[in-house]
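A short worksheet on the structure shown next.
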Amino acid sequence: MATMRAYKHPNPEDLILERLLYALSDPVRMEIVRHLAGVHEASCGELDGGRPKSSMSHHFRVLRDAGLVHTRNVGTTHMNSLRSEMLDERFPGLLACILRQH
Numbered sequence: 506m507a508t509m510r511a512y513k514h515p516n517p518e519d520l521i522l523e524r525l526l527y528a529l530s531d532p533v534r535m536e537i538v539r540h541l542a543g544v545h546e547a548s549c550g551e552l553d554g555g556r557p558k559s560s561m562s563h564h565f566r567v568l569r570d571a572g573l574v575h576t577r578n579v580g581t582t583h584m585n586s587l588r589s590e591m592l593d594e595r596f597p598g599l600l601a602c603i604l605r606q607h
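Position in the sequence shown counted from 1, then plus 505, gives you this note's numbering.
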C-alpha cells in the first residue's frame with residue numbers, strides 16, 4: 506500500500522507578504538481561510554463548496570505555499586488548518602485585520 510506524501514510548508518522566516526496577499530486575493534481562497542478561522546481543522550471536502558477537485562487542489566497549493574494553511578494526511582483524507590499563530594508571529598495583527606473585512 507502506497508503512503509501519501511507529506512506536504513511541504515514554508516517556515517515562518519520564509520513567508521513573503523506579497524505571496525500571502527496574492528493567495529488572499531482570490532475569493533475562493535479567502536472563503537477557505539475564513540472557514541478555517543472558525544474551526545480547528547476541516548477536510549478538503551468540507552471546504553470545496555462543490556467545486557472541481559483539480560481547481561481546489563490548485564487553491565490549497567497556493568494557500569500552503571503562502572504559509573496560510575497547513576495540510577496533513579489522515580488516511581486518505583487531507584485535513585487543513587489555518588496557521589494563525591505562526592502568521593501572527595511573522596506578521597502581527599495582519600490575519601485578524603484581514604478576517605475582519607467582508
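Where is the CB? At the ideal position from N, CA and C, for every residue including glycine.
Keep in mind the model is a prediction, meaning the values are calculated, not measured.
How about the segment 549 to 561 and the segment 508 to 528: do they share at least three Cβ pairs that are nearer than 8 Å? no
Between the alpha carbons of leucine 525 and asparagine 578, how many angstroms are there, rounded? To locate residue 525, count along the sequence shown from 1; it is residue 20. To locate residue 578, count along the sequence shown from 1; it is residue 73. The straight-line gap from Cα to Cα measures roughly 23 Å.
Please report the distance separating the alpha-carbon of leucine 600 from that of leucine 592. Along the sequence shown, read from residue 1 onward, the residue named residue 600 stands at position 95. Along the sequence shown, read from residue 1 onward, the residue named residue 592 stands at position 87. Leucine 600 and leucine 592: Cα-Cα distance of roughly 7 Å.
Candidates Gly572, Leu541, Thr582, of which the one nearest glycine 550 by Cα: As a position in the sequence shown, residue 550 is number 45, starting the count at 1. When only C-alpha atoms are compared, the closest one is Thr582.
Mind checking which residues open and close the beta strand (DSSP E) that includes histidine 583? As a working mapping, residue 583 is identified with position 78 in the sequence shown. Per DSSP, histidine 583 belongs to the beta strand (DSSP E) from 582 to 587.
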